[in-house]
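Residue numbers (the numbering used here): 78 to 290. Note that CB positions come from ideal geometry on N, CA and C, so glycine has one too.
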């Protein structure tokens, strides 16, 4: 899926402590760029080892100057880029690659949740491929309004296979996704029946021992 060419730039924040509010996330950025924030999401992290941590996506009108040198491959501690950040947010990590799972919302109805995981195609971008030309992101900004009981996550991976052995790379990507999805499901983010059926179907294809799924 091709990504539209936009002036907006979106980043992901992880390791946000439990109880942090949207306002606190906004205030973690320098004062001169806060007014350029167009959209911001804050959702619970699905990682069972994350102790209630949250994940945020932040879309700016244009790329903030202090993020121009951000390493795309690795990201950075936000505190290494922003002075006088609140100690509560000293461990927050910022990146732009969106690799792995990124939850985009908290469903309004926890007892009747529809789980949606969006996976972009080869050459696509985990977040930007789902953006509209006005800079909004369909899965983050629109779908939860129409489906209020849904839990939506995107899955990002290194999808550039232009200069690699595409056959082996595709196999590795598929196996990595299966393992990541299994771990994601183990966190309780997906229903047990769905997880069990998925595990039994996919375990044999990727030589995964179904006893631990």
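Residue 190 carries a coil assignment under DSSP once its states are collapsed to helix, strand and coil.
When 134, 247, 167 and 94 are compared, the shortest CA-CA separation from residue 174 is found for 134.
A straight-line Cα-Cα distance of about 13 Å links residue 106 and residue 164. About 6 Å separates the Cβ atoms of residue 200 and residue 236, confirming a contact at the 8 Å cut-off.
Counting only the Cα atoms, residue 232 lies some 11 Å from residue 253.
Looking from the CA of residue 103, the closest CA among 166, 261 and 184 belongs to 166.
For the 7 Å CB-CB criterion, residue 181 and residue 118 form a contact. DSSP places residue 220 within a helical segment (H, G or I) once states are collapsed to three. The beta-bridge partner set that DSSP reports for residue 195 consists of 231. Look at the beta carbons and you see the stretch 109-117 touching the stretch 128-148: at least three pairs across the two are nearer than 8 Å. With respect to the 7 Å criterion, residue 155 and residue 132 are not classified as neighbours on the basis of their beta carbons.
Looking at the DSSP output, residue 214 sits in a beta bridge with 208. DSSP links residue 120 through a beta bridge to 132. Note on residue 228: 16 or more other CB atoms within 10 angstroms of its CB, so buried under the neighbour-count rule.
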